[in-house]
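In this note's numbering, the protein residues as written are 2 to 287.
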Ligand SMILES: [Fe+2]
Ligand SMILES: [Fe+2]
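Set out below in structure tokens:
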């Protein structure tokens, strides 16, 4: 796998004043306490935290990882997201395809030299197509967290939504490490099933040329308990910790470019098509 030389700490390059934000402060994003979308968001997490067990995740890996569901190009898959509104997101009430271009354009402004990073911004949420193929949103969208071990307090709605989850009452699973060895590495940890892991599997299956930093962004961008709250480091190995600054760097754009100011997608398509042609060309298996 290709690892690129990324230079100094990526966070030093971030200039939030370049991003559209509807006048929102950073602290206004990810409000899980109130807001007009609260009920929809809470309900999505309630279902996720009730039904996502270790067994459920194993079953979803078996079901989706073979990439036998569709054949389409990357640009076609982005267009699919025109039909999807993410019901776990308290900041967005428009089609996910706009969020794809908003994220990519934010990265392009700050990192004009890193085409692979811009492309990751564009494609990171495409795994949400599972919701258009019959998977309920609670098994597609939202923050992720490890299953098979104790559910940490930094998971959203932790106190309210795990009451009916059988794994939450299972004494073997409900320890700090559960079924895992300390510092086993996130590659060996089963995350709650969703669009991050699915797209990672699609990228690997189709042998896409995105560097490892980008694959980590794709696979763990929704793992807020880790990248934002610093939990679950007892499961991380050195490689995970080395990649963490890049996942955090990605998160700034994923979150703070969310704006009702929608980009002109048709105008942007030729540029992003050239990145797709470079890193994940042709028809892909999904
Ligand atoms: Fe996402
Ligand atoms: Fe996103």
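By construction, the Cβ of each residue, glycine as well, lies at the ideal position given by its N, Cα and C atoms. Only a predicted model underlies this, so the values are computations on that prediction, with no experimental measurement involved.
Closest by CA to residue i, which one among the options?
i: residue 273; options: 109, 212, 46 and 72; result: 109
i: residue 151; options: 32, 118, 179 and 36; result: 179
i: residue 159; options: 49, 86, 78 and 216; result: 49
i: residue 56; options: 80, 148 and 71; result: 148
i: residue 200; options: 218, 184 and 51; result: 218
i: residue 142; options: 282, 192, 166 and 253; result: 192
i: residue 166; options: 52, 37 and 24; result: 52
i: residue 186; options: 59, 211 and 227; result: 227
i: residue 276; options: 114, 247, 255 and 213; result: 114
i: residue 105; options: 252, 205 and 278; result: 252
i: residue 282; options: 247, 75 and 258; result: 75
i: residue 124; options: 132, 220 and 23; result: 220
Could you give the distance in angstroms between the alpha-carbon of residue i and the alpha-carbon of residue j?
i: residue 222; j: residue 122; result: 11 Å
i: residue 194; j: residue 144; result: 10 Å
i: residue 267; j: residue 136; result: 29 Å
i: residue 280; j: residue 62; result: 25 Å
i: residue 88; j: residue 39; result: 10 Å
i: residue 168; j: residue 155; result: 17 Å
i: residue 236; j: residue 198; result: 17 Å
i: residue 184; j: residue 271; result: 43 Å
i: residue 254; j: residue 100; result: 10 Å
Counting C-beta neighbours from all protein chains within 10 Å, is the total for residue i 16 or more, i.e. buried, or is it exposed?
i: residue 1; result: Given that the chain is displayed from residue 2 to residue 287, the structure contains no residue 1 and the question cannot be resolved.
i: residue 34; result: exposed
i: residue 173; result: exposed
So, under 8 Å CB-CB, residue i and residue j are touching, yes? Tell me the CB distance rounded to an integer number of Å.
i: residue 196; j: residue 126; result: 6 Å
i: residue 72; j: residue 286; result: 6 Å
ask   = ligand 1: which residues have Cβ under 7 Å from any of its heavy atoms, chain order?
value = 125, 126, 196, 197, 222, 223 and 255
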